[in-house]
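The opening residue of the sequence shown carries number 2 in our numbering; numbering runs sequentially from there. Each residue gets a CB set at the ideal place from its N, CA and C atoms; glycine is no exception. Keep in mind that this is a model prediction, so the values were computed, not measured.
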Amino acid sequence: MISFQSTSRLYILFFQSNLNGPNAFHVVCLKYNGIEDITQMTEHICEVFHSPICEMEIMEESLIEWIIKFQPIIQHVCIRENAITSVESLDRILKNLEVTERFRSDYNACFQYKEPIPSRCITIHNSYWLTLNSILNGNNSIIVLYDSKLTPTDINTVLKEWQSGLKLRNLEFMAIEVFTLLNINRYSDEVLNNLPNIVENNGRPMTVTIHDDDIYTLPQGPPVHNITRSDGMILSIFRHDDVIEDLSKVHLLSSPITLYFFLPVSILWSIIFGTAIEGWTAGGRVLEFQRLQPSIPIDTGVCIPYHTWWGDIKFDNVSFSYPTRPGHNVFENLTFSIPAGQIVALCGPSGEGKSTITHVGIFAITQLKIIQFSLLSKRSKTIAKSIRWNPIDIRWNPIDMHLNPINIRWNHFNIRWNPIDIRWSSQEICFKLSTDPGLEYIIHYEKKYKFIPIHCPWEYPHFQSTLNGPNALHFLYLKDNGIEDITQMMEHICEVFRSPIREMHIIEQSLIEWIIKFQPIIRHVRIHKDVILSVESLDRILKNLKVTERFRSDYHAHFQYKEPIPSRCIKIYNSHWFTLTSILSGNNSIIFLYDSKLTPTDINTILKEWQLGFKLRNLEFMAIEVFTLLNIHRYSDEVLNNLPNRVENNGRPMTVKIHDDNIWTLPQGPPVHNIIRSDGMILSIFRQDDVIAGLEWIIHYEKKKKFFPIHCPWKYPYYQSYLLGPNALHYLYLTDNGIEDITEMMEHICEVFRSPICEMHIFEESLIEWIIKFQPIIRHVCICMEVIPSVETLDRILTNLEVTESFWFPYNAYFQYKEPIPSRCITIDNSYWLTLPSILNGNNSIIFLHDSKLTPTDINTILKEWQLGFKLRNLEFMAIEVFTLLDIHRYSNEVLNNLPNIVENNGRPMTVQIEDDDIWTLPEGPPVHNIIRSDGMILSIFRHDDVIEDEKIRIFWELQVWSQQT
């Protein structure tokens with residue numbers, strides 16, 4: 002063995018010999034001798050001994066080109082993790098490198114591979130990426146598949162294809178490892194379906210040559226099945242199954258079973274594979290472990306406030322024994338507590354349980370680590386459940402908005418392309434501790450989602466912590482851990498923490514039956530669009546699911562509902578389906594109705610019924626949003642008809658508790674009307690009205706969607722007009738009319754009306770190239786989430802697309818950007834990726850930075866550079882939102898350091914035009930600071946700050962530039 006290091010400073014030459022059992026190992030350690038690296042050293046040794054390389058481990062992509070060039074024919078190749086990043090890389094190896102004996106792969110592929118692998122023996126770990134076609138079309142003699150996703154039907158197909166004699170002609174031995182929750186007998190029956198069994202086993206060999214001198218000994222017992230081929234060849238099938246309990250190797254819960262199917266073929270009968278091959282790979286695994294890098298980077302990331310990790314640790318009458326020694330307790334009835342922030346030493350003789358206490362998962366462990374631990378096995382789940390937790394707030398929320406299809410808007414020759422029809426395609430589980438509501442844990446679970454996007458440099462399971470303002474968010478990304486789907490994961494978490502679900506978002510119909518069965522009493526429920534298709538579906542929920550605190554509905558119903566909704570608080574969007582009868586018959590305390598179709602007479606009826614005291618006895622607050630073309634005074638008169646007014650307002654509260662910690666602030670001014678009930682209760686009525694105008698045409702186009710849902714009684718092309726409040730909306734629904742897709746439809750409309758696109762929402766990468774080519778100058782652009790994976794993509798947009806008015810970025814970037822963004826107005830959500838040089842070097846007039854990571858010194862630099870007059874010459878308005886744990890006065894002093902204040906404010910405008918008809922109103926009070934530039938321009942600085950939690954502050958800076966009126 003030769004160890005070579007070109008940078009080693011220890012030894013010029015070091016020689017050592019060791020005995021490893023009966024084997025002698027001679028090790029020579031070399032450093033730089035004119036040899037550049039290990040590849041050059043290999044070439045040197047091959048040349049000296051006139052011998053080729055026998056076996057090669059490809060640990061990085063750079064070695065692929067080297068071995069193809071240096072020695073394109075080799076006996077053994079092993080592909081290590083992270084060496085292959087794409088189908089193209091794998092094709093490059095298989096087509097240019099002839100592996101004559103054994104091909105082994107240890108990596109997790111992010112793709113499916115359908116071509117055969119040309120080698121006598123293939124051993125594939127994490128073999129879910131190797132498809133049935135790849136196996137059947139190959140000429141392999143030995144095949145070993147670990148963690149295979151082949152179904153029972155797939156394995157049955159393999160057996161039948163071998164029996165037919167058209168496929169797998171050279172097969173000598175095959176081993177398939179699968180994991181399943183199916184009944185083992187049912188699984189086997191599907192594998193052996195329609196395969197006649199022959200019982201003859203005379204003459205079957207007891208060993209198989211895997212490769213070179215690797216001989217595997219087959220089991221003594223008979224196979225579970227034999228099948229024969231027309232040429233007399235026999236295939237014997239052996240099966241091993243285990244219920245997995247090993248903490249270090251668990252794949253499935255609920256009594257998971259590991260199945261090994263071994264398909265040895267005889268005349269040369271062959272068979273089973275197991276511990277021999279594991280032993281064969283053991284040495285390589287040791288080296289692999291030595292090369293492992295920490296899954297959580299130690300030199301990157303954000304700083305989590307130390308106090309967010311605080312929490313008391315308590316053992317309360319805990320006993321523990323290991324499974325192998327159930328009669329011997331390591332400790333019994335152990336009780337102690339460690340206050341947050343304290344360091345405690347555990348002292349005692351060896352074997353008394355000091356390490357066991359830490360291994361149980363209590364010290365320095367977060368709730369997310371507990372979840373990972375609890376998924377290992379039934380035993381670990383039992384241990385996790387024994388931990389005593391404070392009450393936990395568990396919520397089920399949707400994530401990942403997918404915006405589809407497209408909405409083309411044309412108004413006064415302004416054509417806008419906006420995403421519509423927001424659908425939630427995935428979900429997350431969130432929970433908080435009652436002791437620290439600012440600390441949130443979020444779990445993403447996907448059984449089928451096998452990889453993270455390529456531009457994200459991490460793998461499952463992935464743990465990440467970020468600051469969202471002053472709040473600490475801890476994310477755990479999981480995939481297949483034996484949990485079937487997100488509902489099973491939710492059940493698991495509720496069981497581990499002994500806490501119910503607090504809030505549930507029902508985004509598909511299948512979840513209705515699940516939540517009714519699993520937890521029929523819940524505090525908060527939200528029904529999303531397209532979930533409720535009929536009165537019966539809504540009845541099913543309301544009669545079987547008790548929602549104690551808040552019921553929210555976002556969907557468009559195609560029916561009228563007359564029954565009450567039994568929940569303390571109800572919030573109904575698109576509430577045209579919610580009738581007056583339903584309102585009056587209910588016992589709700591809080592009612593929100595948006596876009597209601599209640600008439601003035603209906604609202605008048607509600608007020609009179611409340612006053613009589615027979616209806617709405619529990620009402621505390623009600624908000625009704627309506628749209629009308631009626632005169633506002635006439636409308637109000639009808640609402641208040643025959644209701645005497647009482648003008649006394651002494652003692653009226655200014656806030657209402659909507660639910661939990663959601664507080665609604667009432668208007669400062671007096672109500673327009675007060676009415677009183679016989680029991681002395683007063684109902685105050687406030688009115689807010691806005692004049693909204695607009696005539697809008699909307700076109701929906703789908704090439705492939707040939708019909709509407711069954712419950713919608715119309716077909717393409719379909720035309721519809723209705724009033725959305727005072728706005729007239731005209732809809733045209735089209736399907737395939739010779740237009741290929743929505744981009745072609747957009748081009749067609751622009752050509753017909755001879756007008757450019759006014760606004761564009763880019764929600765997928767393919768649209769970048771299209772808009773650059775079709776219309777490289779545009780007024781408004783919004784880059785939606787996850788469209789920009791790199792600096793290069795953003796550069797591509799900014800360099801080739803001229804955005805004249807406004808640029809909006811709502812996405813999370815994985816990079817830092819230092820170049821200016823050339824647009825009059827820029828709005829950046831999650832703006833931590835936009836750097837100070839990008840701001841200072843730009844010519845923007847309007848800048849909004851939300852959740853900025855600019856420091857007080859950075860903001861001070863912006864102010865000073867503006868005052869000097871060399872930077873930010875065109876600035877009219879800038880808003881910066883930051884979160885800090887610093888003292889607010891110290892923070893402000895750093896921002897305003899060395900900036901003299903002028904107190905003159907005469908003539909300062911109270912509004913700023915952001916874009917088109919978007920007007921921003923400035924605060925009425927005086928600014929905290931004014932600075933003046935040499936040309937007479939004044940910059941007024943406003944500050945808003947909110948204490949979100951103890952010592953956690955949100956600061957919103959507004960910087961207004963104006964010239965003093967003379």
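Going by the CB atoms, is the gap between L644 and H674 shorter than 8 angstroms? yes
Quick one: grab the DSSP three-state call for C55. coil
Minimum C-alpha distance to L620 - residue among E504, G233, S597, S568: S568
Is it the case that the Cβ atoms of S846 and E877 are separated by a distance below 8 angstroms? yes
State whether the stretch 603–613 contacts the stretch 570–578, with contact taken as three or more CB pairs (one from each stretch) at a distance under 8 angstroms. no
Which residues does DSSP pair with C79 in a beta bridge? E58, R105
Going by beta carbon distance, what residues of the same chain come within less than 7 angstroms of T40, once the five residues before and after it are set aside? W67
Three-state class that DSSP yields for N931 in the structure shown: strand
Taking three-plus beta-carbon pairs below 8 angstroms as touching, is the stretch 793–811 in contact with the stretch 877–889? no
Length-filtered (4 minimum) alpha helix (DSSP H) runs lying within the stretch 84–138: 88–97, 133–137
With H, G and I counted as helix, E and B as strand and the rest as coil, what does DSSP make of M786? coil
Backbone secondary structure at Y574 - three-state DSSP: coil
For a minimum of 3 consecutive residues, which ranges assigned as the beta strand (DSSP E) are wholly contained in the stretch 608–633? 622–627
Have a look at L146, K598, M655, H762 and flag the residue whose alpha-carbon is nearest the alpha-carbon of T124. L146
Starting from the C-beta of F71, find all residues in its chain whose C-beta is less than 7 angstroms away, skip the five residues before and the five after it, and write them out in chain order. E44
Mind checking C759: buried by the 16 CB within 10 Å criterion, or exposed? buried
Around the Cβ of L182, are there at least 16 other Cβ atoms within 10 angstroms (buried) or fewer (exposed)? exposed
So, does the stretch 816–823 touch the stretch 774–783, judging by three or more C-beta pairs under 8 angstroms? no
Within the continuous beta strand (DSSP E) that includes H493, where are the two ends? Element bounds for H493: not the beta strand (DSSP E) but the alpha helix (DSSP H), 487–498.
With a threshold of 16 other CB atoms inside 10 Å of the CB of L193, please say whether the residue is buried or exposed. buried
Going by alpha carbons, who is nearest to C785 out of P811, E866, I211, M761? P811
Work out the CA separation of I827 and I507 for me, nearest whole Å. 35 angstroms
Alpha-carbon spacing of N157 relative to E191, whole angstroms: 7 angstroms
Go to I769, then tell me how far its alpha helix (DSSP H) extends in each direction, as first and last residue. 767–775
Length of the line joining the Cα atoms of E905 and N642: 51 angstroms
Quick one: what's got a C-beta closer than 6 angstroms to F849's C-beta in the same chain, skipping five residues either side? T828, A880
Considering only C-alpha positions, which residue in the set L219, D214, D213 is nearest to R205? L219
Does the distance from the CB of I932 to the CB of L864 come in under 8 angstroms? yes
Between the CA atoms of C122 and D38 - distance to the nearest angstrom: 31 angstroms
Exposed unless 16 or more other CB atoms sit within 10 angstroms - verdict on R524: buried
So, for P928: in the same chain, excluding its five sequence neighbours on each side, which residues have a beta-carbon less than 6 angstroms away from its beta-carbon? S941, I942, F943
Would you kindly work out how many angstroms separate the C-alpha atoms of I339 and E496, rounded to a whole number? 25 angstroms
Taking the C-alpha atoms as reference points, what is the distance between R527 and A385? 30 angstroms
Complete alpha helix (DSSP H) runs within the stretch 846–880 (minimum length 4 residues, chain order): 857–869
Kindly list the residues whose CB is nearer than 6 angstroms to the CB of K616, restricted to its own chain and excluding five residues on each side of it in sequence; keep chain order. L585, E610
Alpha carbon of S106 to alpha carbon of V532, nearest angstrom: 44 angstroms
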